[in-house]
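Chains as they are written, first to last, in our numbering: chain Z, 18 to 167; chain C, 18 to 167.
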DNA sequence: CTAGAAGCTAGAGAGCGCTCTAGGTCAAGC
DNA sequence: GCTTGACCTAGAGCGCTCTCTAGCTTCTAG
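Structure below.
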């Protein structure tokens, strides 16, 4: 049962998290890991499964737009141990709200862009000869199709 | 009816788009505007309502994560006039897909973070004395609450 | 014994998207 | 006449998040 389950090299962690080894060392310098990662006798980093899980959570935080600075704050709270749950909760809820807001915004924008896409699709389906789109009449600069597409 | 509807100063456009005047000049340098913006005799920029609408669209593109470079490409296509609708469509669809994917990802993550938030809320509701969370047993570094919260 | 792969540190560099500075013009109001 | 404020250009600087380099060690396989 002595799998190498406990004890991952930086390369393995990079592979599993999708972060580069550079990024992993960078994150450590930035205090993004609960502990500064244990080392082998030769100085090489040894990541535990817990470290891996933590990093995976960080990746999710990052990809949902949380800045490293905030992740660091959260890490710091966890590092301090129990007693600051309110602060952790506040931080998480703040992010939760930002993510929610962002999803709403993206959904709004998705409507807009989908509408534009439809318009272009219709236009192309009807054939390029369809010149509803480029009346050289308004010599000004009326990019009608664009503005119409909104 | 001679409102100043046609002819906005950079300051007015900044106010209405939420972009800074710096950003507006920057966008122009970067080729983000269909034309390089007309000028008054004294060299000051005069934005039309069309410019404003275009910029508002750019703001939406940006806030949905489209890089300036892609916006520039799109602008370039529009500037070239009709005949490249397929390319515009491809670009828009590419972005549409990225936005859709991002919404999915964010929704996924929202579940995770909401779960964490709930756990912390329950924990705090049950009172801090509840020590399910910090068993000093696993002296290693088992940040159980964190990992449990996932 | 040696080559190659993987790791290490410290620190420079890069890409993006602004943001700001320096130094100046121009028009309006006191 | 002078100040104030909005505008101008060219270009430097910044915050963030990595990414890469240089120079070195250490392990493994042939």
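Idealized CB from N, CA, C, for every residue including glycine.
Check the Cα spacing between residue 46(C) and each of 138(C), 86(C), 98(C): the tightest is with 86(C). Residue 64(C) has 25(C) as its beta-bridge partners, per DSSP. Within the model, the alpha-carbon separation for residue 137(Z) versus residue 101(C) is close to 11 angstroms. As the crow flies, the alpha-carbon of residue 30(C) is around 44 angstroms from that of residue 42(Z). About 15 angstroms separates the beta carbon of residue 63(Z) from that of residue 70(Z), a gap too long to meet the 8 angstroms contact definition.
Contact with chain Z is absent for residue 93(C), since none of that chain's Cβ atoms lies less than 9 angstroms from the residue's Cβ. Judged by beta-carbon spacing, residue 129(C) lies beyond the 9 angstroms limit of residue 106(Z), meaning their Cβ atoms are not closer than that value.
Taken in chain order, the whole alpha helix (DSSP H) runs of length 4 or more contained in the segment 76-144 of chain C are 85-97, 102-142. According to DSSP, residue 56(Z) shares a beta bridge with 62(Z).
The beta carbons of residue 25(Z) and residue 76(Z) sit no closer together than 9 angstroms. Per DSSP, the continuous alpha helix (DSSP H) segment holding residue 40(Z) begins and ends at 38-46. From the beta-carbon of residue 79(C), no residue of chain Z is found nearer than 9 angstroms; the closest lies around 10 angstroms away. Within 8 angstroms of the CB of residue 120(C), the CB atoms of chain Z belong to 120, 123, 124, 127, in sequence order along the chain.
In the structure shown, the three-state DSSP call for residue 72(C) is helix. For the set 66(Z), 44(Z), 49(Z), 53(Z), the Cα lying nearest the Cα of residue 23(Z) is the one of 66(Z). Only those residues of the segment 28-53 of chain Z whose C-beta falls short of 9 angstroms from the nearest C-beta of chain C are listed: 51, 52. Closest by C-alpha distance to residue 116(Z), out of 68(C), 125(C), 113(C), is 125(C). DSSP places residue 31(C) within a helical segment (H, G or I) once states are collapsed to three. The beta-carbon of residue 64(C) is placed no less than 9 angstroms from the nearest beta-carbon of chain Z.
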